[in-house]
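Shown next, in structure tokens, is the structure this report addresses.
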DNA sequence: GTGGTCTAGACCACC
DNA sequence: GTGGTCTAGACCACG
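Chains as they are written, first to last, in our numbering: chain A, 210 to 338; chain B, 210 to 338; chain C, 210 to 338; chain D, 210 to 338.
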């Protein structure tokens, strides 16, 4: 499992791990029943402190994405995929809505806004990121 | 100048002040040449720490929105309106673009995304906020 | 706020803090809007590591029992009382039910069990703990 | 001897083995003088680590439930039935008492508690588990 | 002063 | 080997 960690982008490292694992699950890159790398191994891979990984994994357990298999490690929970996809979907909708609401408060009319969005949309899906 | 401060919404208070002052300038609620309330008065109005207001005013000076008038206090800079409007515009574009990029990374196609955006757009401009 | 911490009773210290704070809220010992002692102060009081208190407070925030007031500390959330009471109630019912189910599986009949429970009940409410 | 092992329910696997063997003895499913399956066979049956079975058997020997028969393996001890029944009885009483004590500490009065218990009792003995 | 985060190193129970 | 917990000490942003 390859995660890209950026220790200085303002997002807490443990949170980057949480998000990227959820993302990997939503994409099907790791499937229910798969074991995730051990705390120590993941820490080695990412060159961060094992405690930081442990914190991320605890969060993921609390969120129902990972489950402990005694003595074996942590595996992806059976219904994690649906949950992660739904969570992701909801996050995205909220982000978009929030951006639009702010734009409206800023005095833009629906049609101006629609044009801006359309411009960004084509730009994003032409250039890649 | 009336600002709404929420100490528990995750956004730094000084930043809320900065944003709302810029917003007021962009809307024309305060005009170039107007004096803003003194640090102490604003702090009293908002029931926050004067240090916090001072920090916000420093930020606003650094951003060229406020200028010091010796012996008088701080006034809105002559070209602040254009700047604040442009900044706001840019912020909004960035927010929208960022949301769309994340959505794309999450595996959505352009047309699905266009539908979601359109839904949110009509919803936002029907319901108000 | 007085908590009794036992570092060697098998329950994690941070969890003891979480439970006892929830208990205090449920009892009305601390009310919505009250600030809880700062991480550092609580750590001093209980003679434990500030990180351990911080972990407990984070859990309590995630559970919606505490809310951050920027620069002031953490306060009890408005609807925390109802929530803590409900949670406590549910925990107790589950504990009792689980004990009874095990007893049944162990071959006891309803009436034998009823007698045992009644005996324990009177004993508990006579002796104190 | 069929045991149900759940590696992800928070109870140590070796402890699940210990409890279920004792339960089987208390129920008369296995009788004094019967040989229990060898460590290796039991481990194969339950798909767990032989070390884990060994640890459970050691515990059961220490508790006087199993005895070693040279060259034959481990058999159920002559007085294991009485002991297991008594132990089970004591465990159940403790569980019930503990649940009641916690409920009392939580502020419930004897009569409220009596009602809750009665409700759970009838529910448990109507529904099965 | 407040909480949030990270690192380092240690001990534990369990497999 | 696995994860869970605690301690100690450091740095950061914020008020």
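We put the CB at the ideal spot given by N, CA and C, even for glycine. Predicted model, so just to flag it, every value in this text is computed and none were measured.
For a cut-off of 8 Å, the C-beta gap from residue 230 of chain A to residue 269 of chain A is around 6 Å, short enough to register as a contact. Within the same chain, Cβ atoms closer than 7 Å to the Cβ of residue 286 of chain B are found at 241, 273, 274, 275, 276, the five residues on either side in sequence being excluded. As DSSP reads the structure, residue 277 of chain B sits in a beta bridge with B:283.
The beta carbon of residue 234 of chain D sits closer than 7 Å to the beta carbons of 274, 285, 289, 290, 293 from its chain, once the five residues preceding and following it are set aside; these are given in chain order. For a Cβ distance threshold of 9 Å, residue set 216, 217 of chain B lies close to residue 278 of chain C, ordered along the chain. The stretch 251-329 of chain B contains, as complete alpha helix (DSSP H) runs of 4+ residues, the segments 259-271, 289-314 (chain order).
Around the CB of residue 278 of chain B, fewer than 16 other CB atoms lie within 10 Å, so the residue is classed as exposed.
Under the 8 Å criterion on CB atoms, residue 295 of chain C is classed as non-interfacial with respect to chain D. Note that the stretch 246-261 of chain D does not touch the stretch 313-328 of chain A; fewer than 3 beta-carbon pairs, one per stretch, sit closer than 8 Å. Chain-order list of chain C residues neighbouring residue 315 of chain D: 297, 301, by C-beta distance under 7 Å.
Where residue 231 of chain A is concerned, the enclosing alpha helix (DSSP H) starts and stops at 222-236. Between residue 249 of chain D and residue 223 of chain D, the beta carbon gap of about 16 Å keeps them out of contact (Cβ cut-off 8 Å).
Inter-residue distance for residue 260 of chain C and residue 296 of chain C is about 26 Å (C-alpha atoms, whole angstroms).
Remark: C-beta atoms of residue 309 of chain D and residue 333 of chain C approach each other more closely than 8 Å.
Contacts between residue 222 of chain D and chain A, judged by CB atoms closer than 8 Å, involve 279, 280 in chain order.
Only buried fits residue 305 of chain C, as 16 or more other CB atoms lie within 10 angstroms of its CB. By alpha-carbon distance to residue 307 of chain B, the top candidate from A:330, A:298, A:322 is A:330.
A Cβ-Cβ separation of about 17 Å leaves residue 324 of chain B out of contact with residue 325 of chain A under the 8 Å criterion. Only residues of its own chain outside the window of five on either side were considered, and among them none has a CB closer than 7 Å to the CB of residue 213 of chain C. For residue 227 of chain B, the nearest beta carbon of chain A is not closer than 8 Å to its own beta carbon.
Contacts with chain B at 8 Å (Cβ-Cβ) include residue 334 of chain A.
Below the 9 Å Cβ cutoff, chain C contributes 280 as neighbours of residue 258 of chain B, in chain order. The beta carbon of residue 237 of chain B sits no closer than 8 Å to any beta carbon of chain A.
With fewer than 16 other Cβ atoms from the protein chains shown falling within 10 Å of its own Cβ, residue 281 of chain D counts as exposed. For residue 326 of chain D, the neighbours in chain C by C-beta distance under 7 Å run, in chain order, 305, 326. By alpha-carbon distance to residue 237 of chain B, the top candidate from B:220, B:210, B:320, B:271 is B:210.
According to the DSSP secondary-structure assignment, residue 244 of chain B is paired through a beta bridge with B:284.
Shown here, residue 218 of chain B sits in coil according to DSSP, grouped into three states, outside any helix or strand.
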